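Inspection log for the structure reproduced underneath, given as structure tokens.
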Amino acid sequence: NLDHYLDVQFRLMRQDFVFPLRKGITDFKKNGCQKNYICSDLRLYYDVHIVGTVFQDGIDHILKFNVSKLKNVKWDLSK
């Protein structure tokens with residue numbers, strides 16, 4: 413039935429998103445809070461500040477952080 417199919421697809425897609433996040437957090441906790449720690453499943457940003465919140469189709473936070481060392485990041489393609 414359609415409802416069951418959509419439910420299964422939703423759960424699979426959610427797991428595809430959550431698993432790397434869960435793995436990255438677990439790896440980070442094992443390796444401690446080292447500032448030079450690199451993890452393939454997780455990106456850490458320091459000195460991040462919430463400067464605003466938008467309530468339109470959900471909740472979005474506007475963040476401010478130093479991007480001077482992140483020149484090669486394609487922000488429009490990032491999650």
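When you read off a place in the sequence shown, starting at 1, and then add 412, the result is the number in this note's numbering. Glycine included, each C-beta is placed from N, C-alpha and C at the ideal position. Keep in mind the model is a prediction, meaning the values are calculated, not measured.
Same chain, Cβ closer than 8 Å to residue i, neighbours up to 5 away in sequence not counted
i, result
"residue 460", "475, 476, 477"
C-alpha distance - residue i paired with residue j, whole-angstrom precision
i, j, result
"residue 488", "residue 413", "37 Å"
"residue 472", "residue 463", "11 Å"
"residue 421", "residue 490", "23 Å"
Contact check, residue i vs residue j, beta carbons under 8 Å
i, j, result
"residue 451", "residue 467", "no"
Supposed contact pair residue j and residue i - C-beta distance, whole angstroms, cut 8 Å
i, j, result
"residue 433", "residue 456", "No, residue 433 and residue 456 are not in contact; Cβ-Cβ is about 12 Å, not under 8 Å."
Own chain residues within Cβ distance below 6 Å of residue i, not counting five before or after
i, result
"residue 435", "453"
"residue 465", "473"
Residues of its chain near residue i, where Cβ-Cβ distance is below 7 Å and the 5 sequence neighbours each way are ignored
i, result
"residue 437", "454"
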